[in-house]
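Down below is the structure, laid out as structure tokens.
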Amino acid sequence: MDAQRAVLHADLDAFFAAAEVCRRPELGGQPLIVGGRPGGRGVVSSANYEARRYGIRSGMPVAQAERLCPQAVFLPVDFAYYRGRAEQFRAILGELSALVEHLSIDEACLELGPTVRWPDEPVAAGQRLHRQVRAELGLSVTVGIATNWTVAKVAADLAKPDGLRVVPPGQGAAFLAPQPVSCLPGIGPHAAQRLRELGVRTLGQLVQVPPYWLCLVFGRRAEEVHQRAQGIDPRPVVPEKRAPKSIGHERTFHRDLGDRSEVTRALRELAEKTAREMRRQGLQGQVVSVTMRFDDFTTLGRQRRLPRSAFDGREIFEVARGLAFELLGEWRCPVRLLGVRVSGLTPLAVQRSLFDPRPLRALRLLQTLDRLSPRLSPEDGASRWLGAGPGYSVGPTRLLVSALERR
Ligand SMILES: [Mg+2]
61 MDAQRAVLHA DLDAFFAAAE VCRRPELGGQ PLIVGGRPGG RGVVSSANYE ARRYGIRSGM
121 PVAQAERLCP QAVFLPVDFA YYRGRAEQFR AILGELSALV EHLSIDEACL ELGPTVRWPD
181 EPVAAGQRLH RQVRAELGLS VTVGIATNWT VAKVAADLAK PDGLRVVPPG QGAAFLAPQP
241 VSCLPGIGPH AAQRLRELGV RTLGQLVQVP PYWLCLVFGR RAEEVHQRAQ GIDPRPVVPE
301 KRAPKSIGHE RTFHRDLGDR SEVTRALREL AEKTAREMRR QGLQGQVVSV TMRFDDFTTL
361 GRQRRLPRSA FDGREIFEVA RGLAFELLGE WRCPVRLLGV RVSGLTPLAV QRSLFDPRPL
421 RALRLLQTLD RLSPRLSPED GASRWLGAGP GYSVGPTRLL VSALERR
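Going by the working numbering, the first residue of the sequence shown is number 61, and it counts up by one from there.
Written out as structure tokens, the structure is:
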């Protein structure tokens, strides 16, 4: 559900120029233009805010910039250096979320998990990003936060430089309405001009225009633009890095496992570890596989598809145990190695249902426990509380969870 999402758009301010000032602090406070030598035929790649005061913009011929501000410092583009700084920026973004889409060298959008709590968690994430980029890179970043990318991007554009702008759920349309049509991603200068000719200057006015009118300007994109102008944008954030095909853990035991109860205990631990790793990477999975190696080195494997994707160690454990017992029935102990693996991975999501809010609550609790788990004993899997089935005793975690639930 859109209202539950939290999307951050992060954009480094005047990136190339600011990065140059980082390594040459003596240039700070002066108009600075990256993109060529004075007298050359290049264009401006980046200009700091001191230079922008003279009307200088990216894409402008250097000769024109020179006329506007002859005293500016002109520097050539040093891509290798900027790429290195951009890598550091990526690393900071990666710490905030596994779902990061890089839009350009200095711009990215990222999505916080599906159970994010508005407004505290998105705002805290934005503030952390702001602080960390300043502290670790010596650069300023502007962050827009909303329930989807379009609104977050417009919020960031309006907050530049060094800003943080939050548009809470349900307020996207009202936030966009007074803005000029040209600020909406997807409306270029040509389309903005056509709209002005039709008397449409703001996004609020655009929303009032019948969609068939918009076809005159946007053709088949009319419906989409109409939606975006109301702050509706269901597109997911698509991480550039391919998600892994499977996630799992296996373990060779110091002493072979002699009976089913030992196998059960070991499987539970492997399933919990696997589920925790999946959640950490923002993933859930639908196919559970078990690998079992016996003391004579015979290795057997078996897998099963779940009716729906799972993110919970207990669910994975139960399927893994069924598979393991089938294998044990065909062979026999002792077991030398056990492995649990989950494939069919998709981004972590919960079906929100009015009638059954349990999956959402379960995911929230699991994620809270994941954050706490370094403080819990290694025996204490995150989902141990969820129910006392075989292999799941009710431990101290249960008390902790009831305390959390009451918050
Ligand atoms: Mg930028």
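Just so it is clear, CB atoms sit at the ideal spot from N, CA and C, and this is done for glycine as well. A quick note: this is a predicted structure, and the numbers were derived from the prediction, not measured.
- Within 10 angstroms of the beta-carbon of P98 lie fewer than 16 other beta-carbons, which makes it exposed.
- Nearest to A78 by C-alpha distance, out of F357, N208, G89, is G89.
- Taking 8 Å as the cut-off, one finds at least one heavy atom of ligand 1 near enough to the beta carbon of F75.
- The beta carbon of V402 sits closer than 7 Å to those of S306, I307, G308, T334, M338, G345, V347, V348, I376, all from its chain and outside the five residues before and after it, given in chain order.
- Between V350 and L405, the beta carbon gap of about 17 Å keeps them out of contact (Cβ cut-off 8 Å).
- Pairing R396 with F313 gives a Cβ-Cβ distance under 9 Å.
- Under the three-state reduction of DSSP output, F357 falls in the coil class, being neither helix nor strand.
- If you check the C-beta of D222 against ligand 1, you find no heavy atom less than 8 Å away.
- Remark: C-beta atoms of H69 and A233 do not approach each other more closely than 9 Å.
- Distance from the Cα of H162 is smallest, within the candidate group F75, F149, G173, for F149.
- Counting only runs of 4+ residues, the alpha helix (DSSP H) found wholly inside the stretch 204–248 occupies 209–219, 232–236, in chain order.
- Remark: C-beta atoms of V214 and G204 approach each other more closely than 9 Å.
- Where L189 is concerned, the enclosing alpha helix (DSSP H) starts and stops at 180–197.
- In this structure, the beta-carbon distance from L276 to E283 does not fall below 9 Å.
- Cβ contact annotation for L327 (same chain, cutoff 7 Å, sequence separation greater than five): F377, A380, R381, A384, L398, V400, in chain order.
- Look at the stretch 248–307 and you find these whole runs of alpha helix (DSSP H), each 4 residues long or longer: 249–257, 263–268, 271–278, 282–289.
- In this structure V81 is in contact with L87, their Cβ atoms being roughly 5 Å apart against a cut-off of 8 Å.
- In the DSSP assignment, V133 is bridged to L92.
- Going by beta carbons, V297 and V67 fall inside the 9 Å limit.
- Here the alpha carbons of V183 and T202 stand approximately 13 Å from one another.
- In the pairwise beta carbon analysis, the stretch 237–252 is classified as touching the stretch 280–295: at least three pairs are separated by under 8 Å.
- A146 is the residue among A146, L432, V241 whose C-alpha sits nearest the C-alpha of E196.
- Non-local beta-carbon contacts of N208 in its own chain, meaning distances under 8 Å to residues more than five positions away in sequence, involve D62, R65, V67, G232, G291, I292, D293, P294, R295 in chain order.
- When distances are taken from the beta-carbon of L189 to the heavy atoms of ligand 1, even the shortest one reaches 8 Å or more.
- A251 and V241 have their C-alpha atoms spaced approximately 9 Å apart.
- Residue pairing of D71 in beta bridges, as defined by DSSP: E167, T202.
- In this structure, the beta-carbon distance from V133 to P91 falls below 9 Å.
- Apart from the 5 residues on each side of it in sequence, R281 sits with its Cβ closer than 8 Å to the Cβ of G246 in its chain, given in chain order.
- With distances taken between CA atoms, D166 lies nearest to F76 out of F76, R194, W178.
- Of the other Cβ atoms in all chains shown, fewer than 16 fall within 10 Å of the Cβ of R340; this residue is therefore exposed.
- Around the CB of G361, fewer than 16 other CB atoms lie within 10 Å, so the residue is classed as exposed.
- G279 sits away from E332, with the two beta carbons spaced by 9 Å or more.
- The beta-carbon distance between A422 and P174, rounded to whole angstroms, is 12 Å. This is too long to meet the 8 Å contact definition.
- F313 sits in a strand when the DSSP states are folded into three classes.
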